[in-house]
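So the protein lines, in turn, are chains D and B.
Residues in the first sequence are numbered consecutively from 13, following the numbering used here.
Residues in the second sequence are numbered consecutively from 870, following the numbering used here.
What follows is a set of notes on a single structure, which appears directly below.
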Amino acid sequence: MLLPVPTEESQLTAAVIKRCLGGDASAWEEIVRSHNRRIYNICYRFTGSQDDAEDLTQEVFIRIYKTLKSYDLERGAFTTWITTMTRNLLVDHFRKSKQDRVTDSMDAAPSSDEDAPTLGEHIPDEKPTPDAAVQTQETQKMVQQALQKLSPELREAVILRDLQDMDYREIADALKVPEGTVKSRINRGRTELARLLSRTYRQVN
Amino acid sequence: MKHEGQNKGENGIQCVDFDARLADVLDGTVSGAELEAFKGHAAACDDCGPLFTQAQRGMLALKSLVEVEPPLNLVHNIIARTSAIDPAMALRMAQPKRSLFGRVREWSSPVLNPVVLVISQPRLAMTTAMAFFSLSLVLNLAGVKISDLRNVDLRPSAITTTASMQYHQTTAKVVKYYENIRFVYELESRMKELTKDATKSDDQNNDQKKNDQKQQQPDNTSQKPGSNNKDYSLGEGEEILAVLRFELPGITSAQIQNTGRNS
Chain D
13 MLLPVPTEES QLTAAVIKRC LGGDASAWEE IVRSHNRRIY NICYRFTGSQ
63 DDAEDLTQEV FIRIYKTLKS YDLERGAFTT WITTMTRNLL VDHFRKSKQD
113 RVTDSMDAAP SSDEDAPTLG EHIPDEKPTP DAAVQTQETQ KMVQQALQKL
163 SPELREAVIL RDLQDMDYRE IADALKVPEG TVKSRINRGR TELARLLSRT
213 YRQVN
Chain B
870 MKHEGQNKGE NGIQCVDFDA RLADVLDGTV SGAELEAFKG HAAACDDCGP
920 LFTQAQRGML ALKSLVEVEP PLNLVHNIIA RTSAIDPAMA LRMAQPKRSL
970 FGRVREWSSP VLNPVVLVIS QPRLAMTTAM AFFSLSLVLN LAGVKISDLR
1020 NVDLRPSAIT TTASMQYHQT TAKVVKYYEN IRFVYELESR MKELTKDATK
1070 SDDQNNDQKK NDQKQQQPDN TSQKPGSNNK DYSLGEGEEI LAVLRFELPG
1120 ITSAQIQNTG RNS
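What follows is the structure, encoded as structure tokens:
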């Protein structure tokens, strides 16, 4: 495995971490301010709850604070390290809350009426229209609800790829799975989400 | 996920390869002939075609989600919780980094502020100045230089050592000075004693001379009253045990007496 080449950003991050480990409180505050938004969004998209997202974000930072000494710059980017920690905490939270009862597995039977109107007309196509429904608050809510029904493996993959814009290598490092598996999960997650949205739309109408 | 057409090979692409390249195609990293072959397979394959469409729609649905704003107090809450783990960090977090002088001044301000208010009054300004002057004088005499003080000198062990050295050095100076003074006093007292002895001898000589004159001249009425002085250094009834006769060689006492009369 090739070691990542230290970039200017990673060197700056390393300097901040070093200051933090040296007892500089402002460095820790800098870390929190830099990453809290991203961590909160991952947690929110994974749990679908603002309260849970807030609690989990705090838990993530407490865990980061406690284990900051163990971070090794040579082994990967700090963002990836934080993402891995967030992902592990989310999986733990998922197991504790037994959320898998409402998870709609990829193996679940697809809609019996395949000829029913699809969501294609209601989610943006390659050519987004000004009155696209996805821009509305209601559609956002529907997508978030559909996301909640994905299995945790697919959900975390699509969140990291489509919402956090992480590349496949970073996702593979964060999830500790091969890059091919990451791509496969992303494909399955996207198609499953589209099916869930179609089903939801049909139920609404 | 069901993917029945895994072995199909429309347009030279297997369904397995289609699945592997799907993410890259949606990312826009595939182009040219490979992209054309991919799209041809999607159009021809009954399984891969819907898969491509759904994956594309799913991706767009996810991309449509906007970033949510975290709660305003999230950063504060995180810092508060981490501070609970490490109170020292909380203290440092609450207070910006200050210099040593600033920290000392802040620490001592409850005590020093009232004192400064009092001594800054005009009527006490001169007293304060004198006290400061006296203190600096004492420190100078004791050999203490403020500019030489370092942090390392403020350790309890260093303070004890310095105080002990100062005490012994000062004691040695005082003892030496006292010894010198005693030597001078002893020398002076010896000199006084010697001087006193010499004076006594002169008086006794004079008395002897007067007695001799009295024997030679019984009528002494012509003598001045003041010249008949007694030697009061001797008590009544004390007898002289020894007398020092001072005579120069070649000159008799009679000649000396004559010289004294002529003068």
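Virtual Cβ for every residue (Gly too), placed ideally from N, Cα, C.
Asked                                                                                                                                                                                        : Found
Using the beta-carbon of each residue, which ones in chain B are nearer than 9 angstroms to residue 155 of chain D?                                                                          : 930, 931, 933 and 934
Quick check: what's the CA-CA separation for residue 1060 of chain B versus residue 1041 of chain B?                                                                                         : 29 angstroms
I need the straight-line Cα distance from residue 996 of chain B to residue 1004 of chain B, nearest angstrom please.                                                                        : 12 angstroms
Considering only their Cβ atoms, is the gap separating residue 69 of chain D from residue 221 of chain D smaller than 7 angstroms?                                                           : Because chain D spans 13 through 217 in this model, residue 221 of chain D falls outside it and cannot be assessed.
Would a check of beta-carbon distances place residue 21 of chain D closer than 7 angstroms to chain B?                                                                                       : no
Measuring only the C-alpha atoms, how far is residue 94 of chain D from residue 913 of chain B?                                                                                              : 43 angstroms
Specify, as a first and last residue, the run of the alpha helix (DSSP H) that residue 77 of chain D falls within.                                                                           : 62-79
Which two residues bound the contiguous alpha helix (DSSP H) that contains residue 94 of chain D?                                                                                            : 90-109
Tell me where the alpha helix (DSSP H) around residue 1075 of chain B begins and ends.                                                                                                       : 1025-1085
At which residues does the alpha helix (DSSP H) containing residue 176 of chain D begin and terminate?                                                                                       : First-last for residue 176 of chain D: undefined, no H or E at that position.
Under three-state DSSP, which class holds residue 883 of chain B?                                                                                                                            : coil
Check this for me: beta carbons of residue 31 of chain D and residue 39 of chain D, under 7 angstroms apart or not?                                                                          : yes
Using beta-carbon positions only, say whether residue 99 of chain D and residue 171 of chain D come within less than 7 angstroms of one another.                                             : no
Exposed or buried, residue 168 of chain D, counting other C-beta atoms within 10 Å across all chains shown (16 or more means buried)?                                                        : buried
Can you have a look at residue 1033 of chain B and say buried or exposed, based on whether 16 or more other CB atoms are within 10 angstroms of its CB?                                      : exposed
Report the neighbours of residue 69 of chain D on chain B: residues whose CB is nearer than 8 angstroms to its CB, in chain order.                                                           : 939, 943 and 947
Suppose you measure from the CA of residue 125 of chain D to the CA of residue 209 of chain D; what does that come to, to the nearest Å?                                                     : Its pLDDT being 45, under 50, residue 125 of chain D is placed unreliably in this model, and the value from its coordinates should be taken loosely. Looking at the two C-alpha atoms, the distance is approximately 14 angstroms.
For residue 72 of chain D, count neighbouring Cβ atoms within 10 angstroms of its own Cβ and tell me buried if that reaches 16, exposed if not.                                              : buried
Strictly below 7 angstroms CB to CB, what residues from chain B border residue 174 of chain D?                                                                                               : 928, 931 and 932
Beta-carbon separation of residue 174 of chain D and residue 92 of chain D under 7 angstroms?                                                                                                : no
Would residue 1025 of chain B be called buried (16 or more neighbouring beta carbons within 10 Å of its own) or exposed?                                                                     : exposed
How close, in whole Å, do the beta carbons of residue 52 of chain D and residue 37 of chain D come, if the pair is a contact with beta carbons under 8 angstroms?                            : About 22 angstroms separates the two Cβ atoms, so there is no contact after all.
Just checking: is the beta-carbon of residue 962 of chain B within a distance shorter than 7 angstroms of some beta-carbon in chain D?                                                       : Caution is warranted here: a pLDDT of 47 is assigned to residue 962 of chain B, below 50, making its placement in the model unreliable, and the coordinate value is therefore given only provisionally. Chain D, which has a Cβ nearer than 7 angstroms to the Cβ of residue 962 of chain B, makes this yes.
What does the Cβ neighbour count give for residue 1095 of chain B, buried or exposed, with the cut at 16 atoms within 10 Å?                                                                  : Only weak support is given to the placement of residue 1095 of chain B: the predicted model assigns it a pLDDT of 49, under 50, and the question is left unresolved by the model.
Would you call residue 939 of chain B buried or exposed, if buried means 16 or more other Cβ atoms sit within 10 Å of its Cβ?                                                                : buried
Would you report the Cα separation of residue 101 of chain D and residue 888 of chain B, rounded to the nearest angstrom?                                                                    : 30 angstroms
Can you check whether the C-beta of residue 892 of chain B is within less than 7 angstroms of a C-beta belonging to chain D?                                                                 : yes
Compute the Euclidean distance between the alpha carbons of residue 54 of chain D and residue 215 of chain D, then round it to the nearest angstrom.                                         : 28 angstroms
Exposed or buried, residue 166 of chain D, counting other C-beta atoms within 10 Å across all chains shown (16 or more means buried)?                                                        : buried
Among D:190, D:149 and D:203, whose alpha-carbon lies nearest the alpha-carbon of residue 935 of chain B?                                                                                    : D:149
Spatial neighbours of residue 881 of chain B within its chain, please: CB distance less than 7 angstroms, with the 5 preceding and 5 following residues excluded, ordered by chain position. : 906
Confirm, please, whether the CB-CB distance from residue 923 of chain B to residue 206 of chain D is below 7 angstroms.                                                                      : yes
If we call anything under 7 angstroms between Cβ atoms a contact, is residue 199 of chain D one with residue 891 of chain B?                                                                 : yes
Rounded to whole angstroms, how far is the Cβ of residue 162 of chain D from the Cβ of residue 201 of chain D, which I believe are closer than 8 angstroms?                                  : 6 angstroms
Using 10 angstroms around the beta-carbon of residue 910 of chain B, count the other beta-carbons present and answer buried if the total reaches 16, otherwise exposed.                      : buried
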